[in-house]
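Under our numbering, the residues of the sequence shown are numbered 4 to 294, in order. All residues carry an ideal CB built from backbone N, CA and C; glycine is no exception.
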Amino acid sequence: MQTFDRLHFFIQCVYFTFYFVESFDDIGEAIVQRFVHLIHWTMEVPTNLLFNHHRNLMEENGTLARNVKHTIDMFPRWAVIFDTDVTCKTKFKQLEFIQDSTYKWYEDVSVQGKFRSDFCRLIQLYIHGGLYFDNDFEVVDTSFVTRSHNFLSVKSIDPHTLFQAILLATPGHPIVKLSIDMFQSYIQGKLSINGWIGPVIMYKAVFTNRSLAYLMTERNLPLSYLLGRRRTDACHYGVFDRGKFIGYSRMMTWNACDDKKVSCSAPPTIAPPPISSPLIFHAPPSVAVKV
């Protein structure tokens, strides 16, 4: 971004701060918030690739593990940070605003793994910054990563949610911090969420200050993108950045449990067995008609 554009943004921040505050006492806090936004707007995202799972997929060779390694290969020279449930929880201690109730919720065996993953990716982004991917997102194009974005995600095909399989942010980004705060409010029963917890919370956080986020789009894929792929079970969705295809939303069928997922690659068509002898159709006998 050119220096003039950054200066113009700064002037706008100051102008809108004084225009919208309700009282003189609010000006100080509002100015601080605008300066925080300005700082993050000028920061570059660290070249960290972030993943998490209840197991360390880096030590495995299954379908998910191979896809993660494919993603890593698409970003050469990027550092890789892979957290499990255990290692992610140890990072809570680095953040003084993490509540005791959050520790208890995270350790509760009844909490589904996908919800722990939703919270863990926020912690990863807040501490390290970088680019988070879901383990089952199939990357095709990496051109969406540019220096002009300091927060990026995907507007989901589902209304009022973000498809947070891709998240990019600077360390300590205000949207990530707000998402953590809202998530903890949900854990404490102070915030009601109608829908998927992580995607809805992130959507709410982004649209409190939409100007800070760059959003790509999830879409139904045309048939030309689905050759050799299943066309059901969420395998037929993909992410686009202004018309450029970025990747498949999932390379495995949608399911809450990993052991019930199967590859989005369509199984080969089984040819019918060969016919051993030709089929002969006998015409029905003719019936004489008496006149």
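Distance between Arg119 and Ser227, taken at the CA atoms: about 36 Å.
For the pair Val83 and Tyr251, the Cα-to-Cα distance works out to about 21 Å.
For Val148, no beta strand (DSSP E) segment is defined, and its DSSP state is neither H nor E. Rounded to whole angstroms, the gap between the alpha carbons of Ile204 and Trp81 is 28 Å.
Closest in alpha carbon position to Arg124, among Gln167, Asn223, Val157, is Gln167. Taken in chain order, the whole beta strand (DSSP E) runs of length 3 or more contained in the stretch 86-171 are 133-136, 154-158. Taking every protein chain shown into account, the CB of Gln127 has 16 or more other CB atoms within 10 angstroms, so this residue is buried. Contact annotation: the stretch 170-177 does not touch the stretch 225-239, with fewer than three C-beta pairs closer than 8 Å. Beta-bridge partners assigned by DSSP to Leu218: Ser156. A Cβ-Cβ contact shorter than 9 Å links Ser156 with Val209. Bridge pairing for Gly241: Arg222, Tyr251 [DSSP]. Tyr109 and Lys92 have their C-alpha atoms spaced approximately 8 Å apart.
Contact between Ile160 and Tyr217 fails: their C-beta atoms lie close to 18 Å from each other, not under 8 Å. Assignment of Ser182 by DSSP, reduced to helix, strand and coil, places it in the helix class.
At least 9 Å separates the beta-carbon of Ile101 from that of Ile196. Excluding sequence positions up to five before and after Met77, its CB lies within less than 6 Å of the CB of Val142, Thr145, all in the same chain and listed in chain order. Ranked by Cα distance from Arg234, the options Ser266, Tyr206, Asp244, Ser214 are led by Ser266. Judged by their CB atoms, Lys264 and Phe147 are not nearer to each other than the 9 Å cut-off. Taking a 10 Å sphere around the C-beta of Gly198, we find fewer than 16 other C-beta atoms and assign the residue as exposed. By alpha-carbon distance to Pro79, the top candidate from Glu62, Thr50, Asn59, Asp86 is Thr50. In the DSSP assignment, Leu67 falls within the unbroken alpha helix (DSSP H) covering 66-77.
In this chain, the alpha helix (DSSP H) harbouring Gly201 covers 200-209.
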